[in-house]
Amino acid sequence: MKRLVIFWALAGAPLYGRAKSPGPELLPPNGFLQMWDRAAPARVFAASDLYGFIDGGAELYLEFGFEQLAVQRYGQRTRNAGGTGTQGQVQLEIYRMTDPTAATGIYLANCGKETPDPSFRERHTISSFQLRFKRDRYYVIANNLDGDKKCVPQMLEFGKYVASRLPPDAPVEALKMLPRANLVKDSLRLIRGPYALQAIYTLGEGDVLQLGRKVTAVAGSYETPGGRYTLILVDYPNAAAAGVAFDYLRRNLDSYLKVVDKSEKALVFRDYDGKYGRMSYAGARLSISVHLPQKPSIN
Amino acid sequence: MNTTGHKSMVPSGTLSRRDFVRDAGACTLAGSALILGVACFERGQQPAGRLETNIADFMKAPRTRHSLPGPLPGRVVKIKDPGSLVEDRFDAAVISRMVEKGICGLTGRDQAESFKLFFDRNDVVGIKVNPTGAPVISTRLELVDAVAAWLCRNGIPAQNIVIWDRFDYELTDAGFTRARFQGMQVEGLQTMDQKGNRWRDANGVHISAGNFDRNVYYRVKGLDGKSVREYPDDDSYLNQNVFNDDCSYFGKLITRRLTKIINLGTYKNTGSGIAMATKNMGYGSICNTARLHDPLFFTVCTEVLAAPVIRDKLVLNITDGIRGQYDGGPYGNAQFIYPNHSLYFATDPFALDMVCHREMADKRKEVGRPMNEHPRYTEYLRYAESLGLGIADTKKIEFERIEA
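Protein chains in written order, with the numbering used here: chain A, 617 to 915; chain B, 22 to 425.
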């Protein structure tokens, strides 16, 4: 469960690069845009607390690499004659991940089909309820709790305020691994363990790709005349590590996947849906294709 | 799935060839698993290789006339009305009509006769809501209003209706307060202190410990909450889970006070599975659940419902699919919200979840989201069928769609 309350930074968290520990400077002050006040004191969650508050949902954050969550709720000043009470509510959530790849991974898992606003330059998506964006190792959500469309421009202003105080964005090398031709828009995913992998495909129990929350895999779907398939690529630190991972995967392949062909460095299987998969490694790279409509060659 | 229709219905859905192949494949592979030595199960047995639980004790208890899957095993009715949600505004009157139509459509009887099928006037009825994900995807207050009104019209005093969930603060956050539901009771089984330092009483015991029945529990032998990954210490675990032994105790509200339960889950995913009817009950009725997530996530959704205190009291399930969320769950993620305009009715929560799982999978594919359709995500439903708790075989499910 995730309580709609406010969390704020704990002292002493490890720093990353040029990034600052989340602090008051990231949060818009009282009177923001002349109409938003903090509704309660802000609080924070460290990694050790997140699981307790996002019951059943924290695993993915922790798998990618999570450090702190800061949440602040804002209430909108009323314009009534008495000038008391509040109307709209915006809740700001600032996730400080361990590195830009982790922030991008959690963003891609949650952004869905991106519907950006041209006035906001960070990679983001916005709807009447939420603005989500990532920058450097930060993943930020601004929730428009009432869904009032009139608050959407202000949600953007909250986002711009926070973004302007974050370190510059950094490139994510893993995203460059996939070939671009025929790649389905919005299908890109990053993977650092079983929770991210399970959204795409079940290859086996646990960390069957031997990523250890350190190695980053990338996945994307491709349109072909025969149908859509998904490609997963992993670059291990070296060829030996890739070989070990391939061997582990082969020995622990999910019981619903039936091996139909194999060689020293490749394997073809048929899945529960009657589709095919192929996994192989060359050098330090493990390559896995799934949802293939036709049986692929082992070579 | 078998589907039925009448003049007001949209064309019925059918079990697609793809569904058939997948289900047949799952059955075959489950059979093959006997040879391969992987998880599988025979009728009434736990899946092999799983941790030892007290499911056998649950199964020994004699069934009653209200035991799951209830009087309508495998029957699921979906009521769809586009007027229920227009431009992000919920229409209480439309939702109320949908509830009336859904209950009658499910039972084939009028409202009064439907009431008698499940209740008598002396019942204390628990309405299990799902507040997680508010305000985006929690059980709608309007739906609770309509169900409570039906109960009251048929003679249940308002004070004998208890709106409940596991955590008190989530109920409040989602709008389930005594002020909003006047005359009724609103209760969380437990509290949890956000600051982490005000959850013990003077004796050092969790202030909610007394809310749980130490004699009625779901036990997983040897699986306690003392070494669950991600919890730094016992205190943080206990704060959220109340106990950390190898038992998950049922709330006394359920074991001692409620005589019937209506389950109002929401229409959303959890990873590649769903968090709808059976998860709402499975994880919402007990404490000490975090230890269960990793090894037994969906199994809990079957085995906890097999406990007589749930099995014999849970008489009606209505999944709130006015809004749907096809990804990002179980928490509210507006990016994946869509107007689904539907309520789903069943006495059999396993058939209900199978229908909704299929729909959710179709929705994800329709919008181009990745969808892992591995049979493991519905295995718990087939397990429930093997225990006689419900129907999961899509060929046996009778799915009726009614469109306003």
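No residue lacks a Cβ here, since even glycine has one placed at the ideal position from N, Cα and C.
The residue among B:V146, B:F139, B:N151, B:I158 with its C-alpha nearest the C-alpha of B:D348 is B:I158.
Residue contact check for A:Q814 against chain B: a CB pair falls below 8 Å.
Shortest Cα-Cα distance from B:N284 to any of B:S407, B:T340, B:N309, B:G129 involves B:T340. Burial state of B:G305 is buried, judged by a 10 Å Cβ sphere holding 16 or more other Cβ atoms. Counting other Cβ atoms within 10 Å of its Cβ, B:P370 reaches 16 or more and is therefore classed as buried. Going by C-alpha positions, B:Q206 is about 21 Å away from B:T287.
Closest in alpha carbon position to B:S135, among B:G123, B:I358, B:Y239, is B:G123. For B:K242, no beta strand (DSSP E) segment is defined, and its DSSP state is neither H nor E.
Taking CB atoms only, B:H227 has no neighbour in chain A less than 8 Å away. Following the DSSP letters along the chain, one finds B:P360 in no alpha helix (DSSP H) but inside the beta strand (DSSP E) bounded by residues 358-367.
The DSSP-derived three-state label of B:G345 is strand. Residues D102, G104, S105 of the same chain have their beta carbon placed closer than 6 Å to that of B:V115, with the five preceding and five following residues left out of the count.
Cα atoms of B:R219 and B:K334: separation of roughly 34 Å, rounded to the nearest angstrom. Interface flag for B:V157 against chain A is set, since a Cβ pair is found closer than 8 Å. Judged by DSSP in its simplified three-state form, B:W220 adopts coil rather than helix or strand.
Contact annotation: in the region 370-400 of chain B, residues whose CB is within less than 9 Å of a CB in chain A are V388, G389, R390, P391, M392, N393, E394, H395, P396, R397, Y398. A direct Cα-to-Cα measurement between A:D653 and B:P156 gives close to 21 Å.
In terms of beta-carbon proximity, B:D214 stays away from the interface with chain A, with every pair separated by 8 Å or more.
Comparing alpha carbon positions, the residue from A:L685, A:Y690, A:G890 closest to A:G647 is A:Y690. A:F749 is the residue among A:R737, A:S735, A:F749, A:Q707 whose C-alpha sits nearest the C-alpha of A:L724. The DSSP-derived three-state label of B:M119 is helix.
Residue pairing by DSSP places B:L285 opposite B:V150 in a beta bridge. When beta bridges are read from the DSSP output, B:E208 appears opposite B:W185. Here B:T310 is buried, its C-beta having at least 16 other C-beta atoms within 10 Å. At a beta-carbon threshold of 7 Å, the residues of chain B lying near A:L761 are P156, ordered along the chain. The region 348-365 of chain B makes no contact with the region 173-188 of chain B: fewer than 3 CB pairs, one atom from each, lie closer than 8 Å.
Neighbours of A:G775 in chain B, taken as residues at a C-beta separation under 7 Å, are lacking, since the least C-beta distance is about 14 Å.
The residue from A:A790, A:A674, A:K776, A:M895 with its alpha-carbon nearest to that of A:H740 is A:K776. Taking 8 Å as the CB threshold, B:A355 lines the interface with chain A.
Where B:G389 is concerned, there is no enclosing alpha helix (DSSP H), because DSSP gives it neither an H nor an E.
Taking a beta-carbon distance threshold of 8 Å, A:F682 does not count as an interface residue toward chain B.
At a C-beta separation below 9 Å, A:Y817 has these neighbours in chain B: P391, N393, H395. Taking 8 Å as the cut-off between beta carbons, the residues of the region 740-754 of chain A near chain B are T741, S743, S744, F745, Q746, R748, in sequence order. Straight across, the Cα-Cα distance linking A:A857 with B:V98 is about 52 Å. Three or more pairs of CB atoms, one per stretch, sit closer than 8 Å, so the region 230-240 of chain B contacts the region 262-282 of chain B. One alpha carbon belongs to A:R751, the other to B:G411, and they sit about 48 Å apart.
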